[in-house]
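Student: Numbering (my numbering), first residue to last: -15 to 270.
Virtual Cβ for every residue (Gly too), placed ideally from N, Cα, C.
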């Protein structure tokens, strides 16, 4: 394992919403970043999202234009996994599919040095199962960033069965270096956040589908009644209804019928209404 002060270059695998956000906070914190995805268009899209995020910081006066340009200059995009060979830490943020993640980790195990920590951003899947695809399970840990990564301050550190305690400590330290606060969870389905959050969202959807209240009243009731910034239906739209469905299906499979996905959630996903990213979910977006 490399210590925090030895980390210069961070590799990020997956240039989608989470990967580009992780890359953004890494470069904002002074790290060189290699952002990798399987197609040029995906890499370009991730860098465009990162650039847009930095531009918003300039508009808010958080950073100067020169600082944003320097941050952007620290990020390199690639489709070649071998370009991560010199990374001091790699964070995987690909699709939430255990077989895909295991394939990525097996490949990363081949191209990176043995002392490089490999982290996964999975929100529900087993760290232990993913780590078993490598010859370094002690050096694999969960770093579950919250969405949107540049805005949310929390990171869930997830400990696999074979994760070295020193790697766990490093994960907390690295997250702190990105300006994040952490909590720790064992490698159980859904960890802390999604094990509690997804049933909350799911029940909000059920309440709406069963006519308990209008969607705006469900969200407003939870916002005012429990002091959360966003109600379950609006939050589901922001996360992505497909992401919510997949997470809930995983929990249902692992933990039983109390996590059974709401019918309306599955129907929305089937219709392609995935929330804010498609312009329509429970609400409509410009």
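For residue 38, tell me which candidate among 134, 123, 104 has the shortest Cα-Cα distance.
Tutor: Start at 1 with the first residue of the chain shown, and residue 38 comes out as number 54. Per the Cα distances, 134.
Student: Which one or two residues does DSSP pair with residue -5 in a beta bridge?
Tutor: Within the chain shown, the letter at position 11 stands for residue -5. Partner(s): 18, 74.
Student: May I have a chain-ordered list of the alpha helix (DSSP H) segments no shorter than 4 residues that lie completely inside the region 200 to 227?
Tutor: Fully enclosed alpha helix (DSSP H) runs of 4 or longer: 216 to 223.
Student: With distances taken Cα to Cα, identify the nearest neighbour of residue 274 among -1, 93, 34, 83.
Tutor: Absent from the model: residue 274. The displayed extent of the chain is -15 to 270, so no value can be given.
Student: Which residue marks the beginning of the beta strand (DSSP E) containing residue 125, and which one marks its end?
Tutor: Walking along the chain shown from the start, residue 125 turns up at place 141. Note, residue 125: beta strand (DSSP E), 124 to 129.
Student: Anyone know if the C-beta pair for residue 163 and residue 140 falls short of 8 Å?
Tutor: Position 179 of the chain shown holds residue 163. Position 156 of the chain shown holds residue 140. Not closer than 8 Å, so no.
Student: Going by C-alpha to C-alpha distance, which of 117, 142, 122 sits closest to residue 129?
Tutor: Here residue 129 corresponds to residue number 145 of the chain shown, with the count starting at 1. Of 117, 142, 122, the residue nearest in Cα terms is 142.
Student: Going by DSSP, name the residue or residues bridged to residue 170.
Tutor: Taking the chain shown and counting its residues from 1, the one referred to as residue 170 is at position 186. Partner(s): 143.
Student: Give me the Cβ distance between residue -3 and residue 59, rounded to the nearest whole Å; I'm assuming they're in contact under 8 Å.
Tutor: As a position in the chain shown, residue -3 is number 13, starting the count at 1. As a position in the chain shown, residue 59 is number 75, starting the count at 1. That belief does not hold up - the Cβ atoms of residue -3 and residue 59 are roughly 14 Å apart, past 8 Å.
Student: When DSSP labels each residue in this structure, what does residue 251 get in the three-state scheme?
Tutor: In the chain shown, counting from the first residue as 1, residue 251 sits at position 267. Correct three-state label for residue 251: helix.
Student: Hey, out of 77, 114, 67, whose CA is closest to residue 86's CA?
Tutor: Position 102 of the chain shown, counted from the start, is the residue given in the question as residue 86. Among 77, 114, 67, the Cα nearest to that of residue 86 belongs to 114.
Student: Exposed or buried, what is residue 111 when buried is set at 16 or more other beta-carbons lying within 10 Å of its beta-carbon?
Tutor: Along the chain shown, read from residue 1 onward, the residue named residue 111 stands at position 127. Label assigned to residue 111: buried.
Student: Is DSSP giving residue 264 helix, strand or coil here?
Tutor: Indexing the chain shown from 1 puts residue 264 at position 280. Here residue 264 sits in strand by DSSP.
Student: Measure from the alpha carbon of residue 123 to the alpha carbon of each residue in 106, 131, 144, then state which is nearest.
Tutor: In the chain shown, the residue the question calls residue 123 occupies position 139. Nearest C-alpha to residue 123: 144.
Student: With DSSP as the reference, label residue 103 as helix, strand or coil.
Tutor: For this step, residue 103 is matched to residue 119 along the chain shown. Looking at residue 103 - three-state DSSP - the assignment turns out to be strand.
Student: Residue 243 and residue 235: beta carbons closer than 8 Å?
Tutor: What you label residue 243 is simply residue 259 of the chain shown in a count that begins at 1. What you label residue 235 is simply residue 251 of the chain shown in a count that begins at 1. Cβ distance < 8 Å, so residue 243 and residue 235 count as in contact.
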